[in-house]
Ligand SMILES: Cc1cc2nc3c(=O)[nH]c(=O)nc-3n(C[C@H](O)[C@H](O)[C@H](O)COP(=O)(O)OP(=O)(O)OC[C@H]3O[C@@H](n4cnc5c(N)ncnc54)[C@H](O)[C@@H]3O)c2cc1C
C-alpha cells in the first residue's frame, strides 16, 4: 500500500503539495493552515502578481464576492489567501468542494438547484439562455426553448411566478435548543451553528414540494442546530451526546435527497440537529495493489473522481447528482450511477463501511470484498437513509482510468423498437457503460435545448441529417426516439463493442446518429436539473421519478403511468395537459405539469409513485 504518497490531508490541516504548474511555476513555498471556517487559508506564496489575473477571464467584481471562500472553476481553483484572491492550479484540489460547502449559501442557491451563478432565464430579447461559466452550455442562447416552452405548456413569459428573492431569516422558526447538549458540544470543539441560513439550507432535499415551499418563502420545521464534525471521532462524540441528551440527529451529505428524508418531522418537539458531513472529505488512503480507496463519507462525487483521477484512478460511480451528492449519501440511499453497466451500482462498489450508531460503531472486521458467514451488514446499512446511524468512512473499489471513451447515438423509428434493441443488448450482455433511450417527447425536449449553431455549415449539416432521417428513411418525427451511448475501456475493445451494439441496433431499425449527438446528451445531464427552476418562474412545475421493472413490463409501465397522469390532471381541472416523458435506462419516467393550484404537488408525487408501483412491481425510487 502506498498510503503516504496519496495522503491528502492530516488532522485539521491540509498537506500542501509544492508543485510547479504551467504559468504558476513561481510558487516557492506554501504553508497552509486550516482555521475555522475551514476555507480561510494562510499561505506564503510568491509572486503576488499571480493573483486574480485578468487573463484568467475573471472579472474583478466577481472576485470580490469570492474573497472569503474557495471557489472551483473547471481549470483552476480560486481561493482567498491572506485576504487576496489567488488562482491556484487545479492539482491543488485537496481544497475540495465538500469543504467549501461548509457555507453552502456562498456557493449554492437556497431555493433552487445548484450553483448560484448558473440558471436558465429568458433574457430581455425573450430568448432563453443559460448563465454562468461552469458548463458547456453556460453563456449560450437556446433559440428554440421559448417556443417549445410556450407551446408545450401554454406558459406565457408575461405571466411570471418568481421565487422569493432572499431568505428572510426572521421568518425561520426560532431554534429550540437543548442547552445541556449545547454545553457538552462546546467542550468538544466541534463547530456548530444555529444561524437561520445554515439551518434552512439543511432542512430539505430536492423534492418538488420542498423547493416549492422555499420559493414561497415558507419554512416548516427546520433543524435547530447544524454541526460539522471533522472526522469519525467527532461523529462518535456527537452521536454519544445526542443519545445522552435525547437529541435527534439527521445526517446530511450533499442535500440532493429526493425522498423527503432530510425533512424534519413537523411535530418533533426534541431538539433536531443536522449533522453535516461536508468537512469529512479526505481520501485517507489508496491501496494500489488491491485497487481500493478508503475515503471519508462527506466527500462530494465530483471531488472524489477528480482526486482519484489525479492518481490515475476512478470509481466510475456517476449519479446525475454527483456534482453535489456525497459518498455517505450514496451509501445511505443505495445510489445508482449512469455508468453502472460497467462499474456497478454503489452496492457493487463498496468494500467496507464504518457507521456510527447510538450503540457503537458498526463495521465488518475485515476489508475483504465478500463474507459468506451470516448476513452482509452492508445490506441493511445501504438504503437506510440515515435512520440507523452516520456513515463516516467507506472503502470503495477503484479502477485505472479508462484509456478510451467514445460517445454515440442511435435513432429508432419508435420507442417500441428502441426498447426491443435495449432488451437485446442486455440479453447479449454487451451494454456500454451507459445507454439511455429517450422517448419522442424527451427527444423533442432535447431538441429545444440545442444552443445557437455557430456556423451556417453546422446548420446545413443538421438540416441534411434531418432530411435523411425523416424524408429518406421515412422516420416519423412525432414517433422517432433516440438512444445515447457511452463506451469506455481500451481502444480496441471499445471499437469492437461499438460495432456489436450498432449491429444490434440496425436489426431494430436503428440508425447511427453520430458521436456529437451522444456527447451532447451526456453534456446536458448536469444542466437539465436547472430547468425546473425556470419552469417554476412561469407556473410550470416538474418532477421526475425512477423505478426498475422486468423487461416484459417496460412498455406497459410507460404507457400506463403517462395515461394515469394525464387522466388525473384532467379530472382535477389542470388547464393544460401535462407533458409526461420516459427515459429508459432500466426505466425512468419524468414528467412535467402546468398550473400550480389545481394539483397538489404531493399528490402528483403520490399518484405517479403509486402507478409506478402498481405497474412496475417493486416500489419505485422517486428521484429527481
Ligand atoms: C438532479 C438530481 C439527480 C439525481 N440523480 C441520481 C442518480 O443518478 N442516481 C441516484 O441514485 N440518485 C440520484 N439522485 C438522488 C440523490 O442524489 C441520491 O439519493 C444521493 O445519493 C443523495 O446523496 P447526498 O449526499 O446528497 O445525500 P443527502 O441528500 O444529504 O441525504 C440523503 C439521505 O441519506 C442520509 N445520509 C446522508 N449522508 C449520510 C451519512 N454519511 N450517513 C448516514 N446517512 C446519510 C440522509 O440523512 C438522508 O436520509 C438525484 C437527485 C437529484 C436532485
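Numbering (the working numbering), first residue to last: 43 to 666.
Positions of the beta carbon are idealized from the N, C-alpha and C atoms, including for glycine.
Assign residue 434 to buried or exposed, taking buried as 16 or more other Cβ atoms, counted over all protein chains shown, within 10 Å of its Cβ. buried
Can you name, in chain order, every residue of its own chain whose Cβ lies under 7 Å from the Cβ of residue 512, other than the five neighbours on each side? 519
On a CA-only basis, which of 219, 239, 259 and 264 is nearest residue 697? Give me that one, please. For the chain, the structure presents residues 43 to 666; residue 697 sits outside this window and is missing.
Is it true that the CB of residue 337 sits closer than 9 Å to the CB of residue 436? yes
Hey, residue 551 and residue 620: beta-carbon distance below 9 Å or not? Cβ distance not < 9 Å, so residue 551 and residue 620 don't count as in contact.
Pairing CB atoms from the region 461 to 481 with CB atoms from the region 610 to 617, are three or more of them under 8 Å? no
Going along the chain, which unbroken runs of the alpha helix (DSSP H) with 4 or more residues stay wholly within the region 512 to 566? 533 to 549 and 557 to 565
Is residue 292 helix, strand or coil when you go by DSSP? strand
By the three-class DSSP mapping on this structure, what secondary structure does residue 318 have? Residue 318 falls in the strand class under three-state DSSP.
Straight-line Cα distance separating residue 495 from residue 460: 28 Å
Are residue 578 and residue 161 close, meaning C-beta to C-beta below 9 Å? no
Between the beta-carbon of residue 179 and the beta-carbon of residue 493, is there less than 9 Å? yes
When 356, 486, 537 and 491 are compared against residue 562, the one with the closest alpha-carbon: Ranking the options by Cα distance to residue 562, first place goes to 491.
Beta carbon of residue 306, beta carbon of residue 325: below 9 Å? no
Using only the heavy atoms of ligand 1, determine whether one of them is closer than 8 Å to the beta carbon of residue 19. There is simply no residue 19 to check, as the chain begins at 43 and stops at 666 in what is shown.
Any heavy atom of ligand 1 closer than 8 Å to the Cβ of residue 397? yes
Near residue 383, what residues of its chain come up, given a Cβ to Cβ distance below 8 Å and the 5 sequence neighbours on each side ignored? Around residue 383: 473, 474, 475, 476 and 477.
For the candidate residues 241, 652, 167 and 176, whose alpha-carbon lies nearest to that of residue 159? 176
List in chain order: all unbroken alpha helix (DSSP H) runs of 4+ residues lying wholly within the region 581 to 620. 596 to 613
Closest by CA to residue 352, which one among 152, 442 and 414? 442
Length at least 4, wholly inside the region 422 to 456: the alpha helix (DSSP H) runs in chain order: none
On the premise that residue 574 lies in contact with residue 584, defined as a C-beta separation below 8 Å, what is that separation, rounded to the nearest angstrom? 5 Å
Taking 6 Å as the limit between beta carbons, can you name the residues of its chain near residue 146, skipping five residues before and five after? 243
So which of 216, 197, 221 and 271 has the shortest CA-CA distance to residue 233? 271
Compute every distance between the C-beta of residue 293 and the non-hydrogen atoms of ligand 1, then say whether any falls below 8 Å. yes
When DSSP labels each residue in this structure, what does residue 468 get in the three-state scheme? helix
The region 280 to 299 contacting the region 315 to 323, beta-carbon criterion three pairs below 8 Å: yes
Measure the alpha-carbon distance for residue 545 versus residue 419 and round it to whole angstroms. 43 Å
Quick test of your reading: residue 517 and residue 321, contact by CB under 8 Å. State the CB separation rounded to the nearest angstrom. With a Cβ gap of about 53 Å, residue 517 and residue 321 do not count as contacting.
Tell me whether residue 368 sits in a helix, a strand or coil according to DSSP, three-state version. strand
Three-way DSSP call (helix, strand, coil) for residue 463 in this model: helix
Candidates 381, 444 and 425: closest to residue 526 by CA position: 381
Less than 8 Å between the CB atoms is what I'm expecting for residue 379 and residue 400, so what's the real figure, rounded? The pair is not a contact, with the Cβ atoms about 31 Å apart (cut-off 8 Å).
With a threshold of 8 Å on Cβ separation, who are the neighbours of residue 413 within its own chain once the five nearest residues in sequence on each side are excluded? 406
Mapping the DSSP letters down to three states, classify residue 356 as helix, strand or coil. strand
Out of curiosity, what's the CA-to-CA distance linking residue 174 and residue 565? Rounded to whole angstroms, residue 174 to residue 565 spans 15 Å at the Cα level.
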